[in-house]
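The next block holds one structure in the form of structure tokens; read it before the comments.
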Ligand code: BYC
Ligand code: FE
Ligand code: FE
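Residue numbers (the working numbering): 4 to 477.
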């Protein structure tokens, strides 16, 4: 079904045929807009931004690019088309027709998954709220806003499910999604990484590289769900997600490129001298990788989780690429390796595969995140500089699961309290690193100009030139 922009809430779910639901969502809409006004991108209300808006769910030509006054962005509800005859692909209900309504016995688990997913979307907008004030270029400012409006739409996607399928508690959860606040001591967001700060553009690019990639893997697992509306909506969300990860990968890549250019030109590699030239030194880049990688690994949950087993067995959440896995899709008698730090070493033991599904998804994520780090290293190599970024060991700086609290170095050695304290400033961004990065952040808004610490992109958005007027200030 095509997207109807003639309505208050653009949608392809025939919203006008269900007046009660339509009214409930039209009641939530001004609350969302209030939240956006208060917690969305600071000072953006009068800007015209060159944004893409989804106009169709067909793979060819699904977006339209034009200037949009930010608060007038048309957030809507778009589900991928239903696949006729789709059956459950895994777990106890394997082979049965997928569900169009929520089975009573799975209601609370499904609601919890949808709420957790939904909570991350506004959280990231809150975290990124002030970045526009220190953008390195108009091109980057536009990309920030594109990510922000789409995370806002992802919230809509989850709120639609809550309103449509979960009655009164769904509506209450939808309200609560606008009430929690990232980093707030009394009403924090649900998951750890979404309560961290994103205070500078290096953090933003690392976040969109690593943490939006958690989005990719979690959403992909939910596209397998037996609850068909969840599968269809997450499929469409995934399409938007690739741009977010592109912003992260290319953003970090451009910072590395600029640093390496300056290092080569001035023949310096001492971090202090590199910093004196106004670019971010490579060891600091490594520390930001260490931080964002480890905080994101925690988002996959405990290594061994009975929730994960239940979600899979009952058909709520599959594996990444479930359809392509060559096994019986039941996992009953299989095992999967997890860390067992109980004896003070990073020994590995075999856990029941069903319970280890969080770890499996985490491992899929690690493989994917390493690939981009390899591409970053080629930028450094090409500049003739002898330095290699690495993703830290899975056990480094973990707060969730059996590895939590263990002191492990980025290369995977269990270290003493003393070694940890002596080394942590080399392993994670220090207050001083963060202050240095912050000191570089200044607003550049002349079209075609870029802050000194970042290289221009290779090409613009939607085949526009790099010096295009991506944002018009009014
Ligand atoms: N921080 O049994 P466990 C995205 C809690 S990102 C704090 O292992 P489970 C996006 C857990 O809730 C994708 N708490 O948990 C990216 C549980 O609490 P209770 C987001 C945590 O259920 C960028 C307890 O610890 N989507 O879209 O197996 C920008 C026991 O844990 C954390 C999803 O996550 C944590 N990191 O797994 C914008 C998908 N980890 O019940 C957007 C939906 C665990 O004991 N969520 N806990 O109080 C899920 O599938 C699961 O909830 C999780 C956790 C995988 C997150
Ligand atoms: Fe999202
Ligand atoms: Fe995203």
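For each residue, glycine too, the CB sits at the ideal point set by N, CA and C.
Predicted model only: the values in this text are computed from it and were never measured.
Where do the ends of the beta strand (DSSP E) carrying residue 54 lie? 51 to 57
Does ligand 1 have even one heavy atom less than 6 Å from the beta-carbon of residue 304? yes
Return the first residue and the last residue of the alpha helix (DSSP H) that residue 278 is part of. 274 to 279
So, do the region 358 to 370 and the region 303 to 323 have three or more beta carbon pairs nearer to each other than 8 Å? yes
Less than 6 Å separating the Cβ of residue 121 from some heavy atom of ligand 2? no
Note down the Cα distance separating residue 259 from residue 273, rounded to an integer number of angstroms. 15 Å
Got a sec: does ligand 1 put a non-hydrogen atom nearer than 6 Å to the Cβ of residue 57? no
Would you tell me roughly how many angstroms separate the C-alpha atoms of residue 316 and residue 353, rounded to the nearest one? 19 Å
Looking at the structure shown, is residue 393 part of a helix, part of a strand, or coil, going by DSSP? coil
Given residue 103 as reference, the closest of 90, 13, 223 once Cα atoms are compared: 90
How long is the line joining the alpha carbons of residue 365 and residue 477, rounded to whole angstroms? 45 Å
Taking the straight line between their C-alpha atoms, what separation do you get for residue 21 and residue 27? 10 Å
Proximity to residue 481 [Cα-Cα], best of 5, 128, 111, 70: No answer is possible for residue 481: the residues shown for the chain start at 4 and end at 477.
With H, G and I counted as helix, E and B as strand and the rest as coil, what does DSSP make of residue 15? coil
Around the Cβ of residue 236, are there at least 16 other Cβ atoms within 10 angstroms (buried) or fewer (exposed)? buried
Leaving out the 5 sequence neighbours to the left and right, which residues in its chain are closer than 6 Å to residue 226 when beta-carbon positions are compared? 234, 237, 238
Any non-hydrogen atom of ligand 1 closer than 6 Å to residue 176 Cβ: no
Rounded straight-line distance, which links the Cα of residue 330 to that of residue 205: 41 Å
Can you tell me which of 412, 23, 420, 339 puts its alpha carbon nearest to the alpha carbon of residue 163? 23
What are the residues that DSSP puts in a beta bridge with residue 342? 351
For a quick check, are the C-beta atoms of residue 57 and residue 35 less than 7 Å apart? no
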